[in-house]
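Step one of this worksheet: look at the structure below.
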Amino acid sequence: MAARPGTPASPKNFKIQPPQPGQPLYGCEHVQRLFNQDQATTNTSIQHYKAILRNILDYSPINAQTAKAAEGVTVTASLTSTYLCLQCPSTLTEDDCVKHGNKKSHRFYVDSRSGALYCQMCDDIVWDPTFEDLRLTKMGTGSFTASRKRKQDDLLAVDPVKDNPQYISTNTTVASCKASGLRGIYNAGATCYQNVVLQSFLHNPVLRNFYLSDGHQSSNCEVPYCLSCAMDDMFQDFYAVENTNGYTAANILSGFWISEKKAFENLVTTKEQDAHEFFQFLAEELHERNGDGKKPETGSEHSCNCIIHQTFYGKLQSTTTCQNCSGVTNQVQSFLDLSLPLENLTQKKGKKNGNAKTPAMTLQECLDEEYIKSDKCEYRCHNCNSMQQARRQTAIKCLPNVLSIQLKRFEFKQGRNERAAKIETPVHFPLQLNMLPYTERARTGDTKENFELARACTYDLLSVVVHVGEIDTGHYVSYCRVGDQWFAFNDHKVELASKSDVLSAKAYLLFYIVRSLA
Amino acid sequence: MSSDADRTGKAGVIVAPDDASPIDKLAHSVLDDLLYNIVHDLLIKVHRDEKTARANTAAIKIEKMASEASETSTPDSRPDVRIETDSAIYEDGKVLLKGNPLKTTKDVLCPRCHLPRLLHPTDGKGAKKPDPGIIYCKKHPYIEKPGFDIYGQTWVAPGPGRGKKKKDMEKKLDPNDASSPAPGEGTAKDRPPNVLSFPSATCSKCKRCILVTRLNNHMGSCIGNSGRNASRAAAQKISNGGSNGGSQNNDNTPPGSQKGTPLPASRAASPRKRDGDEFDEDADESDPTNPKKKKLKPTTLTKKVILKTKGNPANKKDKVKGNSMLSVEQRADDDDSKDSTVQVAPKKSASKGGPSPTKKQKLVPVKPQLPFSAPKKVKRDHDVESESSGTLSSPPQ
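These protein sequence lines map, in sequence, to chains A and B. As numbered in the working numbering, residues 1 to 518 make up the first sequence, in order. As numbered in the working numbering, residues 1001 to 1397 make up the second sequence, in order.
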């Protein structure tokens, strides 16, 4: 509703953000004057700002990037920012702003690439709480009301009593400013494969919010050696304690040793292990402690409301088309992570280039191979009632909030000397990933002009797990992002990392978080 | 293209030569514009962070002045005074900015603790000496210095290497224990405060203090081999390995005897020992209940603790021992041994020093309140309850 252009002016009066302690009420004196004229001015200002944001975010960028003064004298398209007047429908280049301002006394303009508000009298960009709130919700959720149905609705559900700031302040303890969640984890003897996965969980905002809001209270849980309790304690130690020394994950370790999971029996040894297997183990264990208790059956469409499912699980749909009768069968299954094989593509690319050196690939190429291209297979068609050649195509039906991707660097090579080998092919991965092309919706419908949908499918890189060394002996390190800053975690040692450090790493596991949640 | 893009884009950095073809000039100006956009985006991000922080600082300062001026005791109320500074006006409980906070406000206050933020790291790249007369917010800029972590910490070389035997480790720990009450304190005094050593942790099973780097190996032998499944698996392995190995290595021992001998001995000896261990775990289990909970201070704390002491021992025993024949008779002793083992536990961890001791001492007085005849009954009931809830709990929403 809100996204429809030209919505008739609603009789509703817009209100500015209520005063917050520790924050000025307006972005600058001039915005203050604008909002204090009369209700009508406030209404039109906010309405115009919303319309401009829609224009910027929901339509082709060419709209906002084309400067057209109200008289229609000059029309110029620009790659750089143009300025949309808040008080009239003009779009101006930077130079024309001054002229327009002098002529019409319109003093507020919106940057066409960021939606930020420029005040001509301050000659600066101003960050007004009311306008900023609109801009951030629009960018985050695609609408102004922030009530879209998403999986995390349960997480964001507002309790009128418990959401009262008074209630929160009397019932919470404020953690020290020093407790930032940035601590190393000591290596307890070949446990770096656990440390990297734990760090990626610790810096996952969804899991962090769950545990810090008492999603699983270790004081109320009676399961002995519960891994979720160990996680709860670990989150408390990272985010509520001033300690900057490394953390000893003794409870996680003992919970892990005592766990009776048959499928992971081979993990419980003192040898070096696969971080991806540990990730699966931890996810399933936490699901069982927090969820419906059912074992997640692989290959089925298992849905559950537990924190692990709400965080990591998505759904894949594979469509099989019979080549004989063109009959289509769909199968939906849930996934914890996307596993991307590297070997075939490496060979294909190597052949094309014709040289022995393994060429670099991109993450998108790997995703194309798995979730856009179709492959041939044999299957038993119900219509034809016989075995038929078929084309099978897999696409993502439901994207998770946190997308985990495994690049299969460890492959079991078949042949004379059967053994596992590590594939060292570098795979370039982006900081920002658009998953729209790999979704079911992109395959069935035209999504080219749907900027809102594209924004909902945009993911930001959250953490990277890297394996260095040989297959049977090596070391795991990881990179995690906190805000805009990247950190390198090497067991107990935490160091600052640059984006280029992160992007040039030979990733093994990648965690992306959906932008509209962050 | 923007209007001034005859020769270049907006940044004016990438300029085509004068004799370049029109398409060349276009390409240059497009690249130039893109460069401009990247810088523009970065600048807007930094500008937003900085200007908001300064504006909030101005607001925090004037709110503090207002509450001091009005002298009301309630911190949250908005006093009815008017105050004006260089950067803001406080009126009717509202904070209004005056001028551009980037110009009027020079420092940044932490929005949480209202102390000034340290703006430069204290060591390494870009370091500046902080003013010793100012108490800064505890959130410091992270340090970037080779060999040190973000807090400027470094570690002493880990003790004996991987190749060293367990005996060596224990030898190294023992003298420390004897000389000083807290392990490692003696050596810590010789080091600068930012040089850390590897800590030790308590094994949740045997309660021994193990250097962290040995913890996984220790748990492997302590938990991994003593568990019911592991011993079974081991027996399986022995029988398999015995039969295979027997044929290949000309091992004379018949597989049957390899498998058979260890079993009776271990069965007979282990359960009694294990019980003692388990009760230690119980005491330890409840201690990580961190006092610094984020939300909802546990008002039901005492209730929880009681629940735990009642529920856990029985619960765990069933989990670990399963259908052990001894479990029923054993329980009588357990109740006696409980008090003694629990009282030992606090001493151990108190010497270590941590957030746990207080918690444990809270725990101890609760226990004697339980009438001795009652727990057994409750325990059983609880067993049934928790057994079923362990698998079928958590209401489907």
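Glycine included, each C-beta is placed from N, C-alpha and C at the ideal position.
To the nearest angstrom, report how far apart residue i and residue j are at their CA atoms.
i, j, result
"K607 (chain A)", "A1088 (chain B)", "Only positions 1 to 518 of chain A appear in this structure, which leaves residue 607 (chain A) out of reach."
"K1125 (chain B)", "E1144 (chain B)", "6 Å"
"D111 (chain A)", "S60 (chain A)", "15 Å"
"N220 (chain A)", "H1140 (chain B)", "35 Å"
"Y1090 (chain B)", "K1098 (chain B)", "10 Å"
"S516 (chain A)", "C398 (chain A)", "15 Å"
"S500 (chain A)", "F487 (chain A)", "12 Å"
"N1398 (chain B)", "V31 (chain A)", "Coverage of chain B is limited to positions 1001 through 1397, which leaves residue 1398 (chain B) absent and any answer about it impossible."
"V482 (chain A)", "H203 (chain A)", "7 Å"
"C97 (chain A)", "D123 (chain A)", "11 Å"
"V1108 (chain B)", "D128 (chain A)", "18 Å"
"Y379 (chain A)", "N305 (chain A)", "34 Å"
"S218 (chain A)", "A1201 (chain B)", "20 Å"
"I1044 (chain B)", "V126 (chain A)", "11 Å"
"Q39 (chain A)", "E132 (chain A)", "19 Å"
"T329 (chain A)", "Q317 (chain A)", "10 Å"
"S498 (chain A)", "A505 (chain A)", "11 Å"
"Q65 (chain A)", "S78 (chain A)", "6 Å"
"L407 (chain A)", "K1205 (chain B)", "37 Å"
"A51 (chain A)", "L136 (chain A)", "14 Å"
"P1130 (chain B)", "F278 (chain A)", "44 Å"
"A283 (chain A)", "I308 (chain A)", "6 Å"
"L431 (chain A)", "L503 (chain A)", "8 Å"
"V477 (chain A)", "G189 (chain A)", "15 Å"
"L134 (chain A)", "N55 (chain A)", "14 Å"
"K1310 (chain B)", "N490 (chain A)", "Because K1310 (chain B) sits at a pLDDT of 37, beneath the cut-off of 50, its placement in the model cannot be relied upon, and the following sentence gives the value as read from the coordinates. Roughly 41 Å separates the two Cα atoms."
"P1022 (chain B)", "D1033 (chain B)", "16 Å"
Find the nearest neighbour of residue i within the set the options, judged by alpha-carbon distance.
i, options, result
"L453 (chain A)", "A:T444, A:L436 and A:S463", "A:L436"
"L1014 (chain B)", "B:K1045, B:Y1036 and B:K1103", "First, the amino acid is wrong: residue 1014 (chain B) is Ile here, not Leu. Closest option to I1014 (chain B), Cα to Cα, is B:Y1036."
"E1050 (chain B)", "B:D1086, B:T1104, B:D1024 and B:T1122", "B:T1104"
"R208 (chain A)", "A:G184, A:T191, A:M234 and A:A507", "A:M234"
"S326 (chain A)", "A:D368, A:T473, A:C366 and A:H382", "A:H382"
"D475 (chain A)", "A:F256, A:K271 and A:A116", "Per the sequence presented here, residue 475 (chain A) reads as His, with Asp not at that position. It is A:K271."
"N1040 (chain B)", "A:L92, A:Q17, A:Q20 and A:A116", "Before going on, a small fix: residue 1040 (chain B) reads as His here, not Asn. Closest option to H1040 (chain B), Cα to Cα, is A:A116."
"P19 (chain A)", "B:P1192, B:K1094 and B:S1197", "B:K1094"
"N36 (chain A)", "A:I16, A:D368 and A:Y49", "A:I16"
"N401 (chain A)", "A:T82, A:T93, A:T439 and A:F312", "A:F312"
"K422 (chain A)", "A:T394, A:R289, A:A507 and A:S478", "A:A507"
"N434 (chain A)", "A:T444, A:F451 and A:C457", "A:C457"
"T93 (chain A)", "A:G101, A:Y83, A:N102 and A:H100", "A:Y83"
Could you name the residues of the region 485–504 of chain A whose beta carbon sits closer than 8 Å to any beta carbon of chain B, in the order they occur along the chain?
-> Q485, F487, H492, K493, V494, E495 and L496
Just checking, does the region 503–516 of chain A make contact with the region 455–467 of chain A on the three C-beta pairs under 8 Å criterion?
-> yes
Should the region 327–335 of chain A be regarded as contacting the region 425–434 of chain A, the criterion being three or more beta carbon pairs within less than 8 Å?
-> no
Is there contact between the region 175–186 of chain A and the region 234–244 of chain A, where contact requires at least three CB pairs shorter than 8 Å?
-> yes
Taking contact to mean at least 3 C-beta pairs separated by less than 8 Å, is the region 42–52 of chain A in contact with the region 86–93 of chain A?
-> yes
Chain B contacts made by the region 21–43 of chain A, where a contact means CB separation under 8 Å | P21, G22, Q23, P24, L25, Y26, G27, C28, E29 and Q32
Between the region 217–233 of chain A and the region 248–258 of chain A, do at least 3 Cβ pairs fall closer than 8 Å?
-> yes
Anything in the region 1042–1069 of chain B with a Cβ closer than 8 Å to a Cβ of chain A? List those residues in chain order, please.
-> I1044, K1045, H1047, R1048, K1051, T1052, A1055, N1056, A1058, A1059, I1060 and E1063
Touching by the beta-carbon criterion (3+ pairs, under 8 Å), the region 1104–1120 of chain B and the region 1053–1070 of chain B | yes
Contact the region 1043–1059 of chain B vs the region 12–25 of chain A: 3+ CB pairs below 8 Å | yes
Within 9 Å of chain B by C-beta, residues of the region 447–481 of chain A in sequence order | none
What are the start and end residues of each continuous beta strand (DSSP E) run of 3 or more residues lying completely inside the region 64–100 of chain A, in chain order?
-> 66–68, 75–77 and 83–85
Just checking, does the region 1211–1226 of chain B make contact with the region 195–210 of chain A on the three C-beta pairs under 8 Å criterion?
-> no
For the region 175–191 of chain A, which residues have a beta carbon sitting closer than 8 Å to at least one beta carbon of chain B?
-> A175, S176, C177, K178, S180, L182, G184, Y186, N187, A188, G189, A190 and T191
Return the chain-ordered ranges of every beta strand (DSSP E) run that is complete within the region 299–370 of chain A and spans a minimum of 3 residues.
-> 314–322, 328–335 and 338–341
Residues, ordered as in the chain, of the region 361–382 of chain A that lie near chain B by beta-carbon distance below 9 Å | none
Along the region 1110–1133 of chain B, what residues have a CB closer than 7 Å to any CB found in chain A?
-> C1110, P1111, R1112 and C1113
Short-range partners of chain A found in the region 1075–1104 of chain B, where Cβ spacing is below 9 Å = D1076, R1078, A1088, G1093, K1094, V1095, L1096, L1097, K1098, G1099, N1100, P1101 and L1102
Taking a cut of 7 Å between CB atoms, which residues from the region 122–136 of chain A lie near chain B?
-> C122, D124, I125 and W127
With 8 Å as the limit, tell me which residues of the region 1014–1037 of chain B have their beta carbon closer than that to any beta carbon of chain A; keep them in chain order.
-> V1030, D1033, L1034, Y1036 and N1037
Which whole runs of the alpha helix (DSSP H) in the region 187–221 of chain A are 4 residues long or more, in chain order?
-> 192–202 and 205–212
Going along the chain, which residues of the region 106–119 of chain A sit with their C-beta nearer than 8 Å to a C-beta in chain B?
-> D111, R113, S114 and A116
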